[in-house]
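Have a look at the structure below before the remarks.
Residue numbers (full-length UniProt numbering), protein chains in the order written: chain A, 1 to 518; chain B, 1 to 518.
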């Protein structure tokens, strides 16, 4: 992947010299596709993997999954499944045969081919928070999501090189009617970013509108679009044991046109899943695999990934909890099972905290490190998430990006290289017992890139920090967020393509958008 | 290890019924010795381990370590090392032979044998922050450490079951003269806690005073004390390449009396160590192993551990940074090398942040998870550390204990158990696609202990949180800290032993304490 020139290095444009001297844009790491070289943390032994697999297979063959979509039932019946109303049962041999068609890795290429993302293998990708109805910032508190807020988060998504894809809407713009929300949102996504985008699987029309817009943005024919992945969707089951109509419909359209589908059941242990973590993981896998089997029947080899969103509730209140020890183990177990089935793995960056404080960061750190430990390939909600996903916060977005950058630096082989020059016996000899290393040639040759340089961490001592205003992390993040929005420049886009996108949106709005029941 | 009855369950005493109904004491996890079952994260391949080992051996044999203690030099000369003034060189065969004497695991037993801690193997132990000159809290800001503050932190150390030992002074009580500070501090430590305590190796007199006090507190004869570990010390080298007089003196006294010595060089890459992380680790190991070799010569089989305190500086300002990606890799590499040498491993919970905010918690989470990943046996500074160790904070102490408890819960096999009852196919069948799991028998049988219950995390939704005052984590931690101090009760101690300790302190003070040059 080519490095993205940072905004600062870009000459001319709207940001002239005068402006650049007072730039509030942070230095950041270049765009890269991190490779997770660590051996995954695997709590399950061979028997444990077998027990979860057999449990999932028993659910699929004995209990069955409800497919609330007649087409899906028809297709599965045709493939030999036992279909009784909406209940579909499938046996292990069939499931394993169908899963055998799913690729272990595939690449999604957005309108800017330099932003292509390989999904699977040792790669780990990070995406923005998706789908909160509300937003919160330090100055305005909690507010209902709107289009202005949406655009700000899309700008943050584009600005940070450590964010690899633009997932769902980082906040729901409630001020745009649902019949045309996807049109306005995708127009902004496809013009303000050049990263991989996503379609909500909320029925045929929305999915096909998004596909058409992604096709236009990439300057592709329909055949070129259908030939390989250019976007993706994520569907959730309705746990326990159900897949609903529009999600299945959207997923099937994606599969038919070779666009990836991530299937992520949302199983809260003790609520819509067993109170035991391996039980919740088993249910989640059964639901997820059932949908992937359907997609493989439709188009053998269709790109799919298995997601985990297994956490637990607070048993005193029923409130969902995130980034807990149980969440971490569920993520690691799902990672093991994903490798067992040969599927790319999705997990998330999550917390239950309501504001970007200490709790928010230990819960988020727990979930992000669990993603790393589990061998996750795609980390959803990695930046900006608060209140169990009900709030998107720009400060949290910036803070999370500092953590994500650290994870990316952590994965660089330079941090643990052991060439003779790294071991540095000659430098140790040269400096001896009375010198220091600041001035020696070994340091001078390396100091510029030797260490991670943070976005928002303040490493000054207390007195310097206090003289500088005594600013806590969330407030520093607020300043950085405002600066990024102020100086944001959209990535290049051919004006003809932009016009074609605008025309498409205008036409579809004139046609009334998509049908809604409200 | 027996569970410690929680303060709440204790009848009578100073905290009567009326008081208990308004108790501010949190529910917490019982005392336990966590077992770290995860396979360690090992960035080094076999060649990497070999390269660091050979580098350390070349430093020891070709460059040598300065032992600024004539007794130490004499002893090493007698053992066949090449001694030139204070410079001591030793060859690989000798080093490996001596390290072969050091035990891979040993147990330290304090005055309460139920608080004994096994050091080594798969065990991981957590201790309080040690040695900051300053303290900070949310209401009073930054202040110089004093004896009142010291006692508060000792109470927190005793209160939290997840803290296994009372390390160094959690804050330096600057208001007590150095000639008698250790006497007052150890009296409080040995009466306010019943956990393993530590002696600073700041010369013979202090070490022997502490040993005598630990002996008295345990009601032991001198022979009983010397027979096995009852306390420990931690020494630092003066990097690069030096061990100073008083640290070596204290360490040698410990080794002669079978009390454990943790040797922890403080090598900041780019300052007192090479700018490359494996180089800084290699230097650290050479320094650490040299001291352990000395102690094995003095008393083959003396209990020792190898510590790591390798981090990096901010190359723009020279400021130390903690909990960075480079710090994590250095910790993991040292863990691998500790296992290579068959020694228990010490690392730390650290951050550069000045206040207990988001940055503090992501840096601390990075360092605590690195401790877990590295197979660390002893985590120093695990609770209460701010500003690179220059500040102790009670709010941070409480917040860190929530993270440490989560790590301990994470290590419980229940979080990833896969018995048929865990996989729960029958419960999944019973609940079916339209039920929920709150009410089913499988949940009812397990919900009380199913999930981690936090100390200070607030899992309520935004509106409930706001109605409850909209309190951020640090402020919630402040309230909890005040409640713990208010309701603190010291563990039982025989009055005769308490008197004997007080008499010893009075006598030693009357003798003038220990000599100081100020």
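Beta carbons are placed, not taken as given, at the ideal position from N, Cα and C, and that holds for glycine.
Assuming residue i is part of the beta strand (DSSP E), what are its boundary residues?
i                      : result
residue 200 of chain A : 198 to 200
residue 381 of chain B : 378 to 383
residue 105 of chain A : 105 to 108
residue 262 of chain B : 261 to 263
residue 328 of chain B : Not the beta strand (DSSP E): residue 328 of chain B falls in the alpha helix (DSSP H), residues 325 to 341.
Would you mind reading off the limits of the alpha helix (DSSP H) that contains residue i?
i                      : result
residue 144 of chain B : Not the alpha helix (DSSP H): residue 144 of chain B falls in the beta strand (DSSP E), residues 141 to 144.
residue 120 of chain A : Looking at the DSSP string, residue 120 of chain A is not in any alpha helix (DSSP H); the run it does join, the beta strand (DSSP E), is 117 to 120.
residue 366 of chain A : 358 to 374
residue 288 of chain A : 277 to 298
residue 209 of chain B : 204 to 217
residue 126 of chain B : Note, residue 126 of chain B: premise wrong, no alpha helix (DSSP H); beta strand (DSSP E) at 125 to 128.
residue 154 of chain B : 147 to 159
residue 465 of chain B : 462 to 467
residue 509 of chain A : 495 to 510
residue 476 of chain A : 473 to 487
residue 84 of chain A  : No alpha helix (DSSP H) holds residue 84 of chain A; the beta strand (DSSP E) holding it covers 82 to 84.
residue 95 of chain B  : 92 to 99
Less than 6 Å between C-beta atoms, sequence neighbours within five positions excluded: which residues of the same chain meet that for residue i?
i                      : result
residue 149 of chain B : 135, 171
residue 515 of chain B : none
residue 338 of chain B : 306, 345
residue 265 of chain A : 237, 239, 284, 287, 288
If you drop the 5 nearest sequence neighbours on each side, which residues of the same chain put their C-beta closer than 7 Å to that of residue i?
i                      : result
residue 216 of chain B : 497, 500, 501, 504
residue 429 of chain B : none
residue 263 of chain B : 235, 288, 291, 292, 304, 306, 307
residue 512 of chain A : 179
residue 270 of chain B : 312, 313, 315
residue 173 of chain A : 145, 146, 147, 150, 181, 185
residue 272 of chain A : 239, 240
residue 26 of chain B  : 455, 480
Would the beta-carbon of residue i fall within 8 Å of that of residue j?
i                      : j                      : result
residue 343 of chain B : residue 407 of chain B : no
residue 110 of chain B : residue 196 of chain B : yes
residue 254 of chain A : residue 233 of chain A : yes
residue 90 of chain A  : residue 60 of chain A  : yes
residue 377 of chain B : residue 123 of chain B : yes
residue 250 of chain A : residue 207 of chain A : yes
residue 161 of chain B : residue 372 of chain B : no
residue 128 of chain B : residue 474 of chain B : no
Going by DSSP, what residues sit across from residue i in a beta bridge?
i                      : result
residue 242 of chain B : B:66, B:238
residue 307 of chain B : B:346
residue 222 of chain B : BP columns for residue 222 of chain B are empty, so no partner.
residue 320 of chain A : A:313
residue 425 of chain A : Beta-bridge pairing links residue 425 of chain A to no other residue.
residue 391 of chain A : A:134, A:386
residue 233 of chain B : B:199, B:261
With distances taken Cα to Cα, identify the nearest neighbour of residue i among the options.
i                      : options                    : result
residue 358 of chain B : A:472, A:158, A:119, A:56  : A:472
residue 401 of chain B : B:158, B:81, B:120         : B:158
residue 316 of chain B : A:100, A:448, A:421        : A:448
residue 55 of chain A  : A:284, A:33, A:238, A:97   : A:284
residue 442 of chain B : A:280, A:414, A:363, A:67  : A:280
residue 390 of chain A : A:73, A:133, A:96          : A:133
residue 411 of chain B : B:114, B:452, B:324        : B:452
residue 126 of chain B : B:433, B:365, B:238, B:34  : B:34
residue 482 of chain A : A:203, A:152, A:162        : A:152
residue 143 of chain B : B:477, B:415, B:476, B:394 : B:394
residue 276 of chain B : A:38, A:493, A:445, A:49   : A:445
Excluding the five sequence neighbours on either side, which residues of its own chain have a C-beta within less than 8 Å of the C-beta of residue i, listed in chain order?
i                      : result
residue 508 of chain A : 180, 183, 209
residue 486 of chain B : 24
residue 510 of chain B : none
residue 5 of chain A   : Residue placement at residue 5 of chain A is flagged as unreliable, the pLDDT there being 37, under the threshold of 50; a coordinate-derived value is accordingly withheld.
residue 325 of chain A : 366
The ligand FMN heavy atoms versus the CB of residue i: any closer than 7 Å?
i                      : result
residue 191 of chain A : As far as ligands go, the structure on display features none, and thus does not contain the ligand FMN.
Legend entry - Near-chain E residues of the segment 322 to 348 of chain B (beta-carbon distance less than 8 Å), N- to C-terminal order: No chain E appears in this structure, whose protein chains are A and B.
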